[in-house]
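So that you can map any letter, position 31 of the sequence shown is 31 in this note's numbering, and since no number is skipped, the others follow by simple counting. Presented below is the structure to which this report refers.
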Amino acid sequence: MRVLVLGGTVDGREVARALTEAGADVVTSVAGRTASARQGAPGMVTGGFGGADGLARWLAAERVDAVVDATHPFAARMSHNAAAACAQTGTPLLRFDRPGWANHPLAGTWTWADDHATAAQVAAGMAGAEGRVLLTVGRQPLEHYRALRHVLARVAEWPRDADGHGPTVPDGWTILEDRGPYAAAGERGLLAGERIAMLVTKDSGGAATAAKLDAAAELDVPVVVVRRPRGPEGVPVAHSIADAVAWVAGCARR
Numbered sequence: 001m002r003v004l005v006l007g008g009t010v011d012g013r014e015v016a017r018a019l020t021e022a023g024a025d026v027v028t029s030v031a032g033r034t035a036s037a038r039q040g041a042p043g044m045v046t047g048g049f050g051g052a053d054g055l056a057r058w059l060a061a062e063r064v065d066a067v068v069d070a071t072h073p074f075a076a077r078m079s080h081n082a083a084a085a086c087a088q089t090g091t092p093l094l095r096f097d098r099p100g101w102a103n104h105p106l107a108g109t110w111t112w113a114d115d116h117a118t119a120a121q122v123a124a125g126m127a128g129a130e131g132r133v134l135l136t137v138g139r140q141p142l143e144h145y146r147a148l149r150h151v152l153a154r155v156a157e158w159p160r161d162a163d164g165h166g167p168t169v170p171d172g173w174t175i176l177e178d179r180g181p182y183a184a185a186g187e188r189g190l191l192a193g194e195r196i197a198m199l200v201t202k203d204s205g206g207a208a209t210a211a212k213l214d215a216a217a218e219l220d221v222p223v224v225v226v227r228r229p230r231g232p233e234g235v236p237v238a239h240s241i242a243d244a245v246a247w248v249a250g251c252a253r254r
């Protein structure tokens, strides 16, 4: 049973390992934007496929029996490309999705935004001209927030050229390179020490980065959460590794 796992996340690596242990012939594909994404998964290949058509050709050439999309919940383009490619080739597709924070006990206290542009507008209004905003939305969406004046942007990895220079950010911005999991005490210290007036994050889900939400509540820091994009219609979803392994086993029995 040859399985392509679309990864680049901790979830993707864990799914790939579990499928390998269950006897599947696993290939893991990652975009390779960060060093950690390129490590530790079976049969690693990096880089894109050239859109849905390129992925469809690859699936046919490699005789892939099933695809598990375990990309980040906000990697919407890759998920839609996977759905289109699998539809073209008749390859079974599963979406592995970690549970989001919509059912978090504090979810009703947050301001939810449908996209980053809306979140930036909300943050500008709520934080005020002088309030400092902590952005934990990842590196790529930061462009939407450039109008904010006082920002601490935490990213897992910041790109640099051969001379050690990274992309230019607006005056009043600071980039903090750090990677979870994060402890509650550390998140409280960050929010208090940096005098954060507003937290903007996205509904990534999981426990590794959830401590900031509790810390914000304890310190009365308002929170804006960007909702997850809609996934492709008609694609089955698994929320546990055991369910993903069982789904692949079911494909093998067909």
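Quick reminder that beta carbons are idealized off the backbone N, C-alpha and C, glycines included.
Between residue i and residue j, which are expected to be in contact by the criterion C-beta below 8 Å, what is the C-beta distance as a whole number of angstroms?
i	j	result
Ala52	Asn81	4 Å
Val45	Val26	About 11 Å; that fails the 8 Å criterion.
Arg228	Phe74	7 Å
Ala183	Ala211	6 Å
Gly131	Ala197	3 Å
Met78	Leu152	Going by Cβ atoms, the distance from Met78 to Leu152 rounds to 29 Å, so no, they are not a contact pair.
Whose CA, out of the options, lies closest to the CA of residue i?
i	options	result
Gly138	Ala124, Thr201, Arg188	Thr201
Val224	Gly7, Ala215, Leu199	Leu199
Val68	Ala252, Ala208, Ala16	Ala16
Ala70	Ala83, Ile196, Tyr182	Ala83
Leu282	Pro232, Thr136, Ala113	Past the edges of the chain, shown from 1 to 254, lies residue 282, and the structure says nothing about it.
Ala216	Leu148, Ala107, Pro159	Ala107
Pro256	Arg146, His150, Arg179, Gly23	The requested residue 256 is not part of the displayed model; the chain covers only 1 to 254.
Val155	Asp203, Ile175, Cys86, Ala117	Ile175
Arg149	Gln140, Glu157, Ala124	Ala124
Gly8	Gly164, Leu19, Phe49, Ser29	Ser29
Gln88	Trp247, Thr111, Ala242, Val64	Val64
Ser204	Pro159, Val5, Val226	Val226
Asp97	Asp214, Ala127, Val10	Val10
Quick check on DSSP: helix, strand or coil for residue i?
i	result
Arg38	In this prediction, Arg38 scores a pLDDT of 46, lower than 50, which makes its location untrustworthy; the coordinate-derived value is nonetheless stated afterwards. Correct three-state label for Arg38: helix.
Trp247	helix
Glu177	strand
Thr209	coil
Ile241	helix
Asp214	helix
Ser79	helix
Ala153	strand
Val15	helix
Pro236	coil
Ala162	coil
By DSSP's criteria, residue i is part of a beta bridge. Which residues make up the other side?
i	result
Arg253	Looking at the DSSP assignment, Arg253 forms no beta bridge with any residue, so it has no partner.
Val67	Leu4, Leu93
Met198	Val133
Arg24	Reading off the sequence, residue 24 comes out as Ala, not Arg. Its beta-bridge partners do not exist; DSSP assigns none.
Ala113	Val226
Ser204	Beta-bridge pairing links Ser204 to no other residue.
With a threshold of 7 Å, establish whether the CB of residue i neighbours any heavy atom of the ligand COA.
i	result
Asp220	Ligands in the displayed structure: none, and consequently the ligand COA is not present.
Considering just the uninterrupted stretch of the beta strand (DSSP E) at residue i, what are its terminal residues?
i	result
Trp58	Run containing Trp58: none in the beta strand (DSSP E); it sits in the alpha helix (DSSP H), 51-61.
Thr9	It is not in any beta strand (DSSP E) - Thr9 carries neither H nor E in the DSSP assignment.
Val224	223-226
Thr118	No beta strand (DSSP E) holds Thr118; the alpha helix (DSSP H) holding it covers 116-127.
Thr168	Unbroken run through Thr168: none, as it is neither H nor E.
Which two residues bound the contiguous alpha helix (DSSP H) that contains residue i?
i	result
Ala185	184-193
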